[in-house]
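Protein chains in written order, with the numbering used here: chain V, 1 to 261; chain P, 262 to 583. Ideal Cβ positions, reconstructed from N, Cα and C, are used throughout, including at glycine.
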Amino acid sequence: MEILVCVKRVPDTAENEFELNSSGNDLDRDDLVYSVNEWDNYAVEEAIQIVDKVGGSVTVITVGDDESEEVLRREMAMGANHGILLTDDAFEGSDGKGIATILKAEVEKGSYDLILSGAQADEGAGQVGGMLAAMLDMPYASLVNKIEPGDGKIVVGREIEGGNQEMNEMDLPCVLSIQTGINEPRYVGIRGIRKVASVEIPEKSASDLGIDAASVGSEGALTKRVDYFVPDLGDGAEMLEGSTDEIIEKLIEKLKAKGGL
Amino acid sequence: MTHIYAYIPFSNGAAEDVAMEFSSAAKKIDEGAAVTAVLTGSGADLEKVAQEMTSLYAEVIKIDNADMAYPNAEVVRKALVAVLPTGAVLLVPHTTFGMDLGPGLSVRMDAAYAADIIDFEGMDATTLKGVRQELGGAVSTHVTIDVASGAVITIRPGAFAPVEGGAAGGCVIDKSGDAGDLSTNRKFLELVEAEVGDVDITKSDVLVSIGRGIEDEDNIEVAQELAEAMNAVVSCSRPIVDAKWLEKSRQVGTSGQTVKPKVYMAMGISGSFQHMGGVKGNPFIVAVNKNPKAPIFQVADVGIVEDILDFMPELAEAVNDL
Ligand SMILES: Cc1cc2nc3c(=O)[nH]c(=O)nc-3n(C[C@H](O)[C@H](O)[C@H](O)COP(=O)(O)OP(=O)(O)OC[C@H]3O[C@@H](n4cnc5c(N)ncnc54)[C@H](O)[C@@H]3O)c2cc1C
Ligand SMILES: Nc1ncnc2c1ncn2[C@@H]1O[C@H](COP(=O)(O)O)[C@@H](O)[C@H]1O
Numbered sequence: 001m002e003i004l005v006c007v008k009r010v011p012d013t014a015e016n017e018f019e020l021n022s023s024g025n026d027l028d029r030d031d032l033v034y035s036v037n038e039w040d041n042y043a044v045e046e047a048i049q050i051v052d053k054v055g056g057s058v059t060v061i062t063v064g065d066d067e068s069e070e071v072l073r074r075e076m077a078m079g080a081n082h083g084i085l086l087t088d089d090a091f092e093g094s095d096g097k098g099i100a101t102i103l104k105a106e107v108e109k110g111s112y113d114l115i116l117s118g119a120q121a122d123e124g125a126g127q128v129g130g131m132l133a134a135m136l137d138m139p140y141a142s143l144v145n146k147i148e149p150g151d152g153k154i155v156v157g158r159e160i161e162g163g164n165q166e167m168n169e170m171d172l173p174c175v176l177s178i179q180t181g182i183n184e185p186r187y188v189g190i191r192g193i194r195k196v197a198s199v200e201i202p203e204k205s206a207s208d209l210g211i212d213a214a215s216v217g218s219e220g221a222l223t224k225r226v227d228y229f230v231p232d233l234g235d236g237a238e239m240l241e242g243s244t245d246e247i248i249e250k251l252i253e254k255l256k257a258k259g260g261l
Numbered sequence: 262m263t264h265i266y267a268y269i270p271f272s273n274g275a276a277e278d279v280a281m282e283f284s285s286a287a288k289k290i291d292e293g294a295a296v297t298a299v300l301t302g303s304g305a306d307l308e309k310v311a312q313e314m315t316s317l318y319a320e321v322i323k324i325d326n327a328d329m330a331y332p333n334a335e336v337v338r339k340a341l342v343a344v345l346p347t348g349a350v351l352l353v354p355h356t357t358f359g360m361d362l363g364p365g366l367s368v369r370m371d372a373a374y375a376a377d378i379i380d381f382e383g384m385d386a387t388t389l390k391g392v393r394q395e396l397g398g399a400v401s402t403h404v405t406i407d408v409a410s411g412a413v414i415t416i417r418p419g420a421f422a423p424v425e426g427g428a429a430g431g432c433v434i435d436k437s438g439d440a441g442d443l444s445t446n447r448k449f450l451e452l453v454e455a456e457v458g459d460v461d462i463t464k465s466d467v468l469v470s471i472g473r474g475i476e477d478e479d480n481i482e483v484a485q486e487l488a489e490a491m492n493a494v495v496s497c498s499r500p501i502v503d504a505k506w507l508e509k510s511r512q513v514g515t516s517g518q519t520v521k522p523k524v525y526m527a528m529g530i531s532g533s534f535q536h537m538g539g540v541k542g543n544p545f546i547v548a549v550n551k552n553p554k555a556p557i558f559q560v561a562d563v564g565i566v567e568d569i570l571d572f573m574p575e576l577a578e579a580v581n582d583l
């Protein structure tokens with residue numbers, strides 16, 4: 001099975017305290033730690049496991065800048081066979097549809113049986129997979145937490161509210177967005193990264209892909225982020241301060257009052 | 262005047278709560294907007310919910326088809342594309358169903374897409390301003406949505422105030438005949454219910470809930486000791502279950518359990534809406550997190566900036582000494 005996995009380089013929520021820049025229109029990105037979108041690791045792991053079972057190859061693809069190459073290499077160190085970087089100044093500021101439009105152009109140059117994305121990325125949108133499917137006129141299922149590959153068809157489980165699972169049978173080729181927990185993504189060590197350090201990763205621009213630059217990027221975007229801000233959500237929590245002993249003393253009083261002890 | 266359509270999901274003959282939230286969301290888009298509820302499904306359940314919606318919406322469209330008896334988003338999408346007029350602005354809940362339906366629908370309708378909107382700040386000509394969050398709720402953003410050729414907008418459940426059933430005196434319009442060919446390449450097979458675990462976290466008045474801040478499987482013991490001291494039960498966020506450190510039945514959140522404890526101790530949990538969506542009944546929330554900017558501090562009653570691995574054992578000891 002030929003599998004394409006869409007991956008994105010994102011600020012790591014576990015490693016960063018997010019601050020706004022001085023003009024308040026963007027994050028202060030100077031010291032941000034980036035990594036692969038959490039959901040995408042599960043998608044790549046799933047693709048590798050499917051190929052281990054039924055044969056084929058795994059290609060990882062991203063729309064990004066030069067620095068996005070590192071996430072492709074990381075996923076190749078996990079075991080993906082090929083990487084493709086779609087990069088062009090014209091892609092900057094794309095909304096979900098722009099990203100899907102760019103990915104579609106490259107997908108049509110290949111021949112994939114299965115296309116995987118993460119369920120959502122840093123913006124919490126969960127949109128690119130479903131848009132790509134519609135553009136390619138392929139069936140789609142989101143939040144997939146189980147895949148049983150078959151012949152020309154596959155059975156997938158979608159995780160829905162309450163942890164219940166909705167089983168579906170789908171025709172191939174299709175697009176799936178992958179939910180965390182579907183597998184346990186393998187660990188990638190420095191050695192693994194070193195092994196793929198010199199593998200060639202093709203880069204493609206808007207003109208390579210035959211994309212009209214006006215249909216993507218901020219020019220083509222119908223939905224645009226205009227600023228970042230810190231919401232004023234009333235009082236927020238009462239912060240307990242002092243030494244740990246003092247904090248614990250105050251907390252215990254409150255817990256007693258609220259029925260916690 | 263904008264014409265807004267609100268897709269109302271229902272199950273077992275009852276509309277989801279968003280039915281009441283969409284009317285106030287629509288008002289925030291455009292005070293004078295005409296709002297039409299749209300329901301898909303089959304048979305008596307559909308008819309019952311459609312009738313109920315006439316008290317909230319002046320117009321209710323129903324699309325009845327046996328293929329939509331179970332809401333397969335691939336089928337529903339086709340029906341909506343066939344029935345909705347071009348340029349429609351459609352509200353859909355940001356749930357597992359909405360996430361399945363919405364993105365592809367916006368492509369098919371050739372319309373804008375905006376996901377997980379939590380507020381609107383008005384419309385200027387055909388540019389709608391919305392509020393959403395990024396990075397697990399760590400930052401908020403304003404977005405502009407160009408609705409000139411329509412839009413599909415998913416709305417976070419619970420984000421807009423519910424409107425109690427008024428007397429809209431609406432009518433039901435049957436558009437079943439317009440749905441067209443609903444065949445798809447994705448067939449619904451069956452529902453598999455979540456496994457029941459050996460502990461029922463929904464029964465406990467006090468939960469010591471751990472998140473990714475627990476850092477390592479071996480540290481779970483520390484949480485268990487605190488829970489024991491407090492006569493509480495250990496629950497957790499999703500990453501702990503994904504890592505297989507605790508069983509799924511202990512997960513709190515939209516894709517886990519809904520809990521209604523008296524006291525909820527969020528230990529090393531950032532406070533994403535999918536997690537907090539499972540914390541109901543307005544409990545007293547204590548958040549301990551080493552990041553003073555963690556979004557959980559916006560929803561907690563009491564916040565403590567500490568390392569849980571140091572804090573939990575000390576708290577357990579102090580409680581044991583009482
Ligand atoms: C469709 C869907 C459904 C979902 N359903 C659920 C659900 O049901 N339940 C759920 O929980 N999530 C769910 N999620 C995932 C959710 O979006 C978040 O990714 C998840 O809740 C984050 O868990 P967390 O807070 O434990 O981890 P993180 O967001 O990584 O937060 C960890 C926190 O711990 C703090 N921390 C780290 N180390 C320490 C330390 N030593 N001491 C103190 N603090 C520390 C960090 O500052 C951070 O704030 C769902 C996602 C999707 C897309
Ligand atoms: N720039 C990108 N390049 C490649 N894939 C992407 C990109 N942005 C999003 N995706 C894919 O779409 C998924 C969902 O992201 P989003 O729709 O942005 O929430 C991600 O997990 C990726 O698989």
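Residues of the same chain with a CB within less than 6 Å of the CB of GLY474 (chain P), apart from the 5 flanking positions on each side, are GLY529 and ILE569 in chain order. With a cut-off of 8 Å, the C-beta of PRO500 (chain P) is classified as near ligand 1, since at least one heavy atom of the ligand falls inside that distance.
DSSP, reduced to helix, strand and coil, places PHE229 (chain V) within a strand of the structure shown. Rounded to whole angstroms, the Cβ separation of LEU209 (chain V) and ALA119 (chain V) is 26 Å, and the two are not in contact under 8 Å. ASN480 (chain P) and VAL563 (chain P) have their C-alpha atoms some 23 Å from each other. Around the beta carbon of VAL63 (chain V), 16 or more other beta carbons sit within 10 angstroms, so the residue counts as buried. The shortest C-alpha to C-alpha distance from ALA213 (chain V) to any of V:GLY98, V:GLY83 and V:ILE160 is the one to V:GLY98.
By the Cβ-count criterion, ASP95 (chain V) is buried, with 16 or more other Cβ atoms from all chains shown falling within 10 Å of its own Cβ.
When the Cα atoms are used, LEU583 (chain P) and MET573 (chain P) turn out to be separated by approximately 16 Å. Around PHE18 (chain V), the beta-carbon contacts reaching into chain P at under 7 Å are LEU396, ALA399, VAL400 and LYS554. Rounded to the nearest angstrom, the Cβ distance from VAL296 (chain P) to ILE269 (chain P) is 11 Å, too far for a contact under 8 Å. TYR42 (chain V): member of the alpha helix (DSSP H) spanning 38-54, first to last residue. Shown here for ASP407 (chain P): same chain residues with a beta carbon closer than 7 Å to its own, the five before and five after excluded, namely ALA373, THR387 and THR388 in chain order.
For GLN312 (chain P), the Cβ stays outside the 8 Å cut-off from all heavy atoms of ligand 1. Rounded to whole angstroms, the gap between the alpha carbons of ILE61 (chain V) and SER401 (chain P) is 28 Å. Straight across, the Cα-Cα distance linking ALA375 (chain P) with VAL226 (chain V) is about 13 Å. When beta bridges are read from the DSSP output, TYR140 (chain V) appears opposite V:VAL175.
Collapsing the DSSP output to three states places HIS264 (chain P) in a strand.
As the crow flies, the alpha-carbon of PRO423 (chain P) is around 23 Å from that of ILE160 (chain V). Around ALA561 (chain P), the same chain offers ALA527, GLY532, ILE546, VAL547 and ALA548 as residues with beta carbons nearer than 8 Å, after the five sequence neighbours per side are excluded. Judged by DSSP secondary structure, MET384 (chain P) falls within the beta strand (DSSP E) whose first and last residues are 380-385. Under DSSP, VAL299 (chain P) forms a beta bridge with P:TYR268 and P:ILE322. ILE48 (chain V) counts as buried, since no fewer than 16 other beta carbons sit within 10 angstroms of its beta carbon. Closest in alpha carbon position to PHE358 (chain P), among P:ARG338, P:ASP459, P:VAL368 and P:ALA311, is P:ARG338.
Shortest gap from the CB of VAL368 (chain P) to any heavy atom of ligand 2: 8 Å or more. ASP477 (chain P) and GLU15 (chain V) have their C-alpha atoms some 16 Å from each other. Only LEU222, THR223, LYS224, ARG225, VAL226, ASP227, TYR228, PHE229, VAL230, PRO231 and LEU233 from the stretch 216-234 of chain V bring a Cβ to less than 8 Å from some Cβ of chain P. If you draw a 10 Å sphere on the C-beta of ARG191 (chain V), you find fewer than 16 other C-beta atoms in it, and that means exposed. Under DSSP, GLN512 (chain P) forms a beta bridge with P:CYS497.
In this structure, the straight-line span from the alpha carbon of VAL580 (chain P) to that of GLY242 (chain V) is close to 19 Å. In this structure, LEU103 (chain V) has its beta carbon less than 8 Å from a heavy atom of ligand 2. For LEU487 (chain P), the enclosing alpha helix (DSSP H) starts and ends at 481-491.
Assigned with DSSP and collapsed to three states, ILE546 (chain P) falls in strand. One Cα belongs to GLY398 (chain P), the other to GLY438 (chain P), and the distance between them is close to 43 Å. Ranked by Cα distance from GLU92 (chain V), the first of V:ILE84, V:ASP65 and V:VAL107 is V:ASP65.
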